[in-house]
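Trainee: Structure incoming, see below.
There are 2 protein chains.
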Amino acid sequence: MSGGNVQVRMKRHPQGMVSPGDFDIVEAALPTLAEGEALVRSRYLSLDPYMRPRMDPLRSYVEPLKLGELMPGAGVGEVVESREPALPRGAIVAGPLGWQTHGVVTRANARVLDPAMGPPSAALGVLGMTGVTAHYGLLKLADPKPGETVVVTAASGAVGSVAGQIAKIKGCRVIGIAGGADKCRYVVDELGFDACVDHRAPDFEQQLAQATPDYVDVLFENVGGPVFDAVLQRIADHARIALCGNISQYNTKEPYGVKGMRQLLMHRVAIHAFVIADHRDYWPTALADLSVWVREGRIRFKEDISVGLRSAPDAFIRMLTGRNFGKQLVQVE
Amino acid sequence: MSGGNVQVRMKRHPQGMVSPGDFDIVEAALPTLAEGEALVRSRYLSLDPYMRPRMDPLRSYVEPLKLGELMPGAGVGEVVESREPALPRGAIVAGPLGWQTHGVVTRANARVLDPAMGPPSAALGVLGMTGVTAHYGLLKLADPKPGETVVVTAASGAVGSVAGQIAKIKGCRVIGIAGGADKCRYVVDELGFDACVDHRAPDFEQQLAQATPDYVDVLFENVGGPVFDAVLQRIADHARIALCGNISQYNTKEPYGVKGMRQLLMHRVAIHAFVIADHRDYWPTALADLSVWVREGRIRFKEDISVGLRSAPDAFIRMLTGRNFGKQLVQVE
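The following block contains the structure:
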C-alpha cells in the first residue's frame, strides 16, 4: 500500500443506524495533481454528525452521497506534493480531505495552519468548523444576554461544549444536557457550566425544571427528539433556538414527532436552523474570538481519538450513539 | 333585561373540543364608570382562534382564563355613557369588550372608528387585529420577495385571506391551503390566489407538491398538525415561517407530533412565532397599508355573522371546526 491511497466509501445507504457494512474500504491509486492543487497526507480526520444525513438519499442542502462515493469530511495533514504555491510542500493544512489517507485540496478550500494557534487537530474542532458553528449559532442567531438562561444539548459534545463555554463568557446561566453522569460531571467540573442534566435519568424532566427556574431564554439544539420537547416545556417568552443538529433522529426510520408547537406559539419563540457551510464569511470573526479564548484557557476542549483510518466507521457509529466523549477524530496513519 | 348586561363566561376548562356546556350565559348589572372610562353597547363581537388556548389552564403569554371569568374578545359598539372626553357618547369604538352586550373601555385600550375607513365590523377584521396580524407576520417576519412561493394555511380564514392577498400585492406566487372545495374556489376566484389545495383531499400531499414546483419560500402558518408537516416536506432552502396559529391542535388532548424537524435543519428554515398583542406599535403602519388596499379593492374580505350574543358559543365551535366561512363575527343585539 506504500505510495497508494486508502479510502472509505459509502457502500450502501444506511437503514436506520449506520453499520460497518455500509462502508467499503478500498485501495486506490494516488491522484495526479492539476495546476493549483496540492496532495495532502492526512493526519487527522474529523468525524461529525452532519455526515449521517448526507448518507440518506433525500433532498438536502447538498447532493446526497452516491453509492460508492468517498465519505466526505475535513482533515488536517501535510502537503506532500504541490502545484499550488500557496500550499507548499511541508505545510500543515486543513481542508476537505475526506475519509482517505491522501486527499487533494486547492487554495480555495484549504487553509495553511499557523502552529502558534494550537495543535493541528484543534483546526478540526474548537479552532475549526466545530468552534465556528458554536460561535455562529449562539452569538449570531440566538444572541443571549447576560443573565439569561441558556440550555445546550449534547453539552459534552464537540459543538455543545464550545457553545456553552461561550455562553458562560457572555455572562449567561448555562445548563447542559448530556447522556450519562460522567459527561454531566465533565460539563460542570471541567467546562464550568452552572448545571448539567442527564437526559437518561428517569426524572429528567423534573431535573430540567429544577435547573431552569426562570425558564429557558436560549436553546442551542443539537439533539432533537424527546429532549427537544422537554426543553420546549420550559421555554421562556421570546426565546431563541439555534437549531444546529438533530442527532437523536439521524438513525431513526420513523422520525420523532415534536409535540411542543403550542409552546412555540404561546411563548413567541424564534427557531433559526442553520448549517455553517452557508456562512464561510463568518469564519475569521469566530476564529479571532475562539483563538483568544482558547489561549486564555477560557475555552477548554477534549478530543476522542480513534487510531487508523480503518477505524473510522466504528468511531463514527460510536459518535452517533453518544459513546464518544469529546470531539471525535481519527488519527489516520 | 333591558338596561342590564348579558355575559358569556367560561364555566369550565374545555376537555378537548369546546362544547356549549363550557360556557355560562348570565345576566349582570351594568357597571358603574370610573373617571376615564366609557360604557359601550356592543354591536359586533369578534371570535378568534386565539381565544381557545386561553381557555386551557396552561402557561401562556397571558394568564389563562379562570373559571367564571368573562370570555375575552374585541368588539365594536356605540358609547352610551362616558366619563372620558376622548370617547364621547355616540362614538363608534373598537375595543376589548368581551363576550357581553355592554363593555367598559378606556382611551388606552379603545379607538374611535372613522366611518370613512369602512363599515364598523371591518375594524374587527381586515382593518383590525386580523389585518394587522396578517401584515406583521407576512411582511415583518417572513418578508417574501417578488416571485417567491408563499403558502398560506387556513387560506379562506380571517387572517389567512388577508396574508395571501398581501403576498399577491407583493408579487409572490401564492398557494392557499383550505378545507373543502368551496373554500378553495373562493380563495382562487375571489381572492386571486394562484392556486388552493384542499387539505381534506385524499391526494393532498401530491396536489401540494404539484402546486409548489419551486418549493415553498414562505409559509404563513395558522393550522399546524399534519398540514404543517406536509408543507415542511416542500420547504425551500432558507424558507421563513410566520407561525401565527395552530388551530388544528387547539382542541386535541394529545398534540400532534411534528415530524419535519429534519426539513427545518436541512433547509435552514427560520420559524418566527408571534402574537400580535406584543406589537401594538405596529398597528398604524399596518392599518395605513390595509386601508388603502381595501379602498382600492386589492384586499377583499368576507364576514360570517352569527346573530345574537347567545349564539357566540356555537359560532365559536363552528369556527374552531372550520365550518365558518370568512371572518367570524357575532352581531350582538
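Residue numbers (our numbering), protein chains in the order written: chain A, 24 to 356; chain B, 24 to 356. Think of the CB as a built atom: it goes at the ideal place given N, C-alpha and C, for glycine as much as any other residue.
#1: Mind checking the segment 278 to 293 of chain A against chain B and listing, in chain order, the residues whose C-beta falls within less than 9 Å of any C-beta there?
#2: What's the call for Lys350/A, buried or exposed, on a 16-neighbour Cβ count within 10 Å?
#3: If you reduce the DSSP assignment to three classes, tell me which class Ala61/B lands in.
#4: Shorter than 8 Å from the beta carbon of Asn274/B to some beta carbon of chain A?
#5: Could you spell out the range, first to last residue, of the alpha helix (DSSP H) harbouring Gln272/A?
#6: If you measure between the beta carbons of Lys34/A and Gly27/A, is that distance less than 8 Å?
#7: List, in order along the chain, the chain A residues whose C-beta lies closer than 7 Å to that of His295/B?
#8: Select from Ala335/A, Glu60/A and Ala165/A the residue whose C-alpha is nearest the C-alpha of Ala109/A.
#9: So with Cβ pairs under 8 Å, would you call Val41/B a contact of chain A?
#10: How many Å lie between Asp205/A and Pro236/B at the Cα?
#11: Just to confirm, are Ala338/B and Val292/A a CB contact at a threshold of 8 Å?
#12: On the three-state DSSP scale, how would you describe Arg257/B?
#13: Is the beta carbon of Pro138/B within less than 7 Å of some heavy atom of the ligand SAH?
#14: Name the DSSP bridge partner or partners of Lys350/A?
#15: For the pair the segment 262 to 275 of chain A and the segment 251 to 261 of chain B, tell me if three or more CB-CB distances fall below 8 Å.
#16: With which residues is His295/A paired in a DSSP beta bridge?
#17: What does Val298/A reach in chain B if we use C-beta pairs closer than 7 Å?
#18: What distance in whole Å lies between the Cβ atoms of Ile270/B and Pro72/B, which are believed to be in contact at a cut-off of 8 Å?
#19: Verify whether the separation of the beta carbon atoms of Ala186/A and Ile200/A is less than 8 Å.
#20: Pick helix, strand or coil for Ile145/A, following the three-state DSSP scheme.
#21: Mind checking which residues open and close the alpha helix (DSSP H) that includes Arg77/B?
#22: Indicate whether at least one CB of chain B lies closer than 8 Å to the CB of Tyr67/A.
#23: Identify whether Val210/B lies in helix, strand or coil by the three-state DSSP scheme.
#24: Of all the residues that make up the segment 222 to 251 of chain A, which are near chain B by a beta-carbon distance shorter than 7 Å?
#25: From the DSSP output, which residues share a beta bridge with Cys219/B?
#26: Consider the Cβ of Asp260/B: report whether some Cβ of chain A lies at a distance smaller than 8 Å.
#27: Relative to the alpha-carbon of Phe46/B, which residue among Ser65/B, Gln354/B, Val85/B and Gly91/B has its alpha-carbon at the smallest distance?
#28: Mind listing which residues of the segment 55 to 83 of chain A have their C-beta closer than 8 Å to chain B's C-betas, in chain order?
#29: May I ask which residues mark the beginning and end of the alpha helix (DSSP H) holding His158/A?
#30: Apart from the five residues on each side of it in sequence, which residues of its chain come closer than 8 Å, Cβ to Cβ, to Ala224/B?
#31: Got a sec? Which residues, its chain only, sit under 6 Å from Gly118/A by beta carbon, not counting five neighbours each side?
#32: Taking only three categories from DSSP, how would you classify Ser42/A?
#33: Could you check if Gln286/A is buried or exposed, using at least 16 other CB atoms within 10 Å of its CB as the buried criterion?
#34: Quick check on Met24/A: buried or exposed, where buried means 16 or more other Cβ atoms within 10 Å of its Cβ?
#35: In the DSSP output, what is His125/A paired with across the bridge?
#36: Name, please, each residue of chain A whose Cβ falls closer than 7 Å to the Cβ of Asp301/B.
Mentor: This is what the structure holds:
#1: Pro278, Tyr279, Gly280, Val281, Lys282, Gly283, Met284, Arg285, Gln286, Leu287, Leu288, Met289, His290, Arg291, Val292 and Ala293
#2: buried
#3: strand
#4: no
#5: Gln272/A -> no alpha helix (DSSP H), and no H or E assigned at all.
#6: no
#7: Against chain A, the beta carbon of His295/B has neighbours under 7 Å at Ala293, listed in chain order.
#8: Glu60/A
#9: Taking 8 Å as the CB threshold, Val41/B stays off the interface with chain A.
#10: 49 Å
#11: no
#12: It is coil, neither helix nor strand.
#13: As for the ligand SAH, it is missing from this structure, which has no ligand bound.
#14: Glu326/A
#15: no
#16: Ala265/A and Ala293/B
#17: Arg291
#18: 5 Å
#19: no
#20: Note that residue 145/A corresponds to Ala in the displayed sequence, not to Ile. Ala145/A falls in the helix class under three-state DSSP.
#21: Met74 to Arg77
#22: no
#23: Collapsing the DSSP output to three states places Val210/B in a helix.
#24: When C-beta distances to chain B are compared with 7 Å, the residues of the segment 222 to 251 of chain A below that value are Gly247, in chain order.
#25: Gly199/B
#26: Interface residue, yes.
#27: Gly91/B
#28: Pro76, Leu81, Arg82 and Ser83
#29: Met152 to His158
#30: Gln230
#31: Residues of the same chain with a CB within less than 6 Å of the CB of Gly118/A, apart from the 5 flanking positions on each side, are Val128, Asn132 and Ala133 in chain order.
#32: coil
#33: buried
#34: Low local confidence applies: a pLDDT of 40 at Met24/A is under 50, so the model's placement there is unreliable, and no value is given.
#35: Arg64/A
#36: Arg291
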